[in-house]
Amino acid sequence: MRKSRRAAIFWFVGAAVALSYAMGAHSPLFKLWFAIIPGMKSFRAPSMAMFWLPLVMMMMAIPVIQAFNRPENRRSLKAGLIMFLSLLGLACIARFSWTSFLGIPGFLVSIAYGTVLIAVINILDRDAPFKMDEFILAFKSKFQGSSKLELGSLFVPFLLTGLFFLSDQNLLADPVTAGYFKSLNENVMRYSASKMIPSLILAVAAILGVWFVCATQKSALQKALIVGAIAAVELYTLDATFIQNVQASEYAQPTHPVIRSIQAEHPNATERPRVLSISQTQAFSSNSFPLYGMRNASGFHDNELASYRLFRGENNENYLYNINQVIQGQAQNAFLDLMNIGDVIFDSRAGVQYVPLQNSESDGRLYANYTVQSDSEAVQSLRNGMDFKKTIILAEKPEGFSPSDAVTGSAKLVASPKMDDLTYKVHADRPAIMLSSGNFHRYWKATVNGKPAKVYKAFGTLRAVVVPAGESTVRLEYKSDAVRISLWIGLISLCIFVIAVGTVWVLKRKTKMQ
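All letters in the sequence shown, in the order written, are residues -5 to 508 by my numbering.
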């Protein structure tokens, strides 16, 4: 049983650590992970961690299913069942009194429950009866008879949950976040209120069902499959409340007149500039444009690089500060031009409309001269009216490049513009710096005529590559080193797992034959 407990503790703590990132930016652990985990700053989908829960629960269930076969373990399992049912009851109370649980009350309840749990486990380890005297003795004896490491590991998730409740009070008290998150949480709570009691009943029924299944004489594999099916029904029923069911026609309208007009205006998808959509209509939100073969310059849920957020300005300020003059041909906007934005989509009384811009096609522009500035300085220079068509602003000095007065030539995107693979054909009468109108990231890799080349940050957020005189082919690829290393680790782990399973199978077969 102790071995099974260690396996369950491992996954229990692992799930708690993973979910600590899903708790939100106001959580201290989120800030810790954000600061120390490589690549975390460019990952903005914390709830994705929650999809690991079904797998975690199955892995936790396997040692429990095996433990059911031994009568001496039934007492511990019954105690665990009662503790979990009491936890469900607490969760139900917290759901309907959620504002009361934020802050110190929620912290104290989490700590109290975790303390009771480790005391119960100590009683089980001492094989003592469940009496108040034994409960008090667990604390007086400093949990003698139990592994302090195991008890501490079991207590950690409740401490993390308590810290979450403690920091969650900022949602109601902080003048910056309260106005948004309080009303958001209230709406979610109202929306899901009618589902809470039925969900509680379903969860209790699922737990009792799992208990009954595990108590039968079926094989461990059969039990695991039935438990997995019960868990799937429970998870879907509970989570379906929060799944937004939207008709496809609401977020995808490829035949809309605006979409058709822009596609007719730019029939070549390779040369089609970006659009800037400030429309609130779902079909014209940031996530929809790839369905139309387009790219939107406006970020979605603030899911973008900090350098680009600085470049476009809060609420697209740098794109829109002189938009009326740009539309009328009375002014130019460096930000719209450099990001290669050809159309602006907006809402009007007549519905969704768009306005084409006189775009000078910055994507692939060649520069003979450069200056070095920080991101914020580059944005300020553009707002102050610097000649962005003559001089490129880089974040660092380009290696082996000597500036000159002017360059004659052209650069054209020849491959379909994909998120992670771009190819340009370049012709220049002298060495130059080619601008690529897309966000810079250190994972972008470049080759010039098949040879590796450095990608520089330009104008605070864009990409630039030094090209030689004459004709050349520039290829830009987004290759995440962290992802590739993770894939290799995953592949190696899979191979080890397959070898281990195969070895066990062969040994068992040899044993049977003997």
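Ideal Cβ placement from N, Cα and C applies to all residues, glycine included.
Local Cβ density within 10 Å of residue i, reported as buried at 16 or more and exposed below that
{"i": "E311", "result": "exposed"}
{"i": "A226", "result": "exposed"}
{"i": "W438", "result": "buried"}
{"i": "Q247", "result": "buried"}
{"i": "N334", "result": "buried"}
{"i": "I317", "result": "buried"}
{"i": "L330", "result": "buried"}
{"i": "I483", "result": "exposed"}
{"i": "E228", "result": "buried"}
{"i": "K217", "result": "buried"}
{"i": "I87", "result": "exposed"}
{"i": "I76", "result": "exposed"}
{"i": "F342", "result": "Checking the sequence shown, residue 342 turns out to be Ser, not Phe. Classification for S342: exposed."}
{"i": "F206", "result": "exposed"}
{"i": "P267", "result": "buried"}
{"i": "P446", "result": "exposed"}
{"i": "R184", "result": "exposed"}
{"i": "S292", "result": "buried"}
{"i": "K502", "result": "exposed"}
{"i": "S155", "result": "The question names Ser, but residue 155 is Thr in the sequence shown. Flag for T155 reads buried."}
{"i": "K391", "result": "exposed"}
{"i": "K451", "result": "buried"}
{"i": "G432", "result": "buried"}
{"i": "M126", "result": "exposed"}
{"i": "I493", "result": "exposed"}
{"i": "A123", "result": "The amino acid occupying residue 123 in the given sequence is Pro; Ala does not appear at that position. Burial call: exposed."}
{"i": "A405", "result": "buried"}
{"i": "G379", "result": "exposed"}
{"i": "I490", "result": "exposed"}
{"i": "M507", "result": "exposed"}
{"i": "S41", "result": "With a pLDDT of 47 at S41, under the threshold of 50, the predicted position of this residue should be treated as unreliable, and no value is reported."}
{"i": "N290", "result": "buried"}
Test: residue i CB closer than 8 Å to a CB of chain C
{"i": "P151", "result": "Note that chain C does not occur in the displayed structure, where there is just one protein chain."}
Those residues which DSSP pairs with residue i across a bridge
{"i": "W482", "result": "None, per the DSSP bridge assignment."}
{"i": "P350", "result": "D337"}
{"i": "G222", "result": "DSSP lists no partner for G222."}
{"i": "N443", "result": "Partner(s): none; N443 has no beta bridge."}
{"i": "Y364", "result": "I386"}
{"i": "Y185", "result": "None; Y185 has no bridge partner."}
{"i": "L154", "result": "Partner(s): none; L154 has no beta bridge."}
{"i": "Y450", "result": "A458"}
{"i": "N281", "result": "Bridge partners of N281: none, in fact."}
{"i": "W438", "result": "Y472"}
{"i": "N290", "result": "V269"}
Beta-carbon separation (whole angstroms), residue i vs residue j, contact threshold 8 Å
{"i": "L304", "j": "G454", "result": "6 Å"}
{"i": "S177", "j": "I3", "result": "So it is not a contact: roughly 39 Å between Cβ atoms."}
{"i": "A458", "j": "L429", "result": "5 Å"}
{"i": "A209", "j": "F78", "result": "About 16 Å; that fails the 8 Å criterion."}
{"i": "L360", "j": "L416", "result": "Incorrect: roughly 16 Å between the Cβ atoms, too far for contact."}
{"i": "E465", "j": "V420", "result": "7 Å"}
{"i": "L81", "j": "V103", "result": "Not really, about 11 Å apart at Cβ, beyond 8 Å."}
{"i": "V338", "j": "V349", "result": "5 Å"}
{"i": "G203", "j": "F159", "result": "With a Cβ gap of about 31 Å, G203 and F159 do not count as contacting."}
{"i": "I117", "j": "F129", "result": "7 Å"}
{"i": "D423", "j": "G403", "result": "6 Å"}
{"i": "S375", "j": "I386", "result": "S375 to I386, Cβ: 11 Å. No contact."}
{"i": "V320", "j": "N327", "result": "5 Å"}
{"i": "E265", "j": "L485", "result": "Incorrect: roughly 39 Å between the Cβ atoms, too far for contact."}
{"i": "P425", "j": "V460", "result": "7 Å"}
Limits of the unbroken alpha helix (DSSP H) element including residue i
{"i": "R343", "result": "Per DSSP, R343 belongs to no alpha helix (DSSP H) and is neither H nor E."}
{"i": "P99", "result": "I98 to D119"}
{"i": "N318", "result": "I317 to I321"}
{"i": "Y313", "result": "E311 to L314"}
{"i": "L71", "result": "R68 to F90"}
{"i": "Y245", "result": "A242 to Y245"}
{"i": "D331", "result": "A328 to L332"}
{"i": "R254", "result": "P251 to E259"}
Element boundaries [beta strand (DSSP E), containing residue i]
{"i": "Y302", "result": "Taken as a continuous stretch (DSSP letters only), Y302 belongs to no beta strand (DSSP E), being part of the alpha helix (DSSP H) at A300 to R306."}
{"i": "S140", "result": "That residue, S140, is in no beta strand (DSSP E); it is neither H nor E in DSSP."}
{"i": "M380", "result": "No beta strand (DSSP E) contains M380, which DSSP labels as neither H nor E."}
{"i": "M428", "result": "A426 to N433"}
{"i": "K419", "result": "D415 to A422"}
{"i": "V468", "result": "G464 to Y472"}
{"i": "R268", "result": "R268 to S271"}
{"i": "L407", "result": "G403 to L407"}
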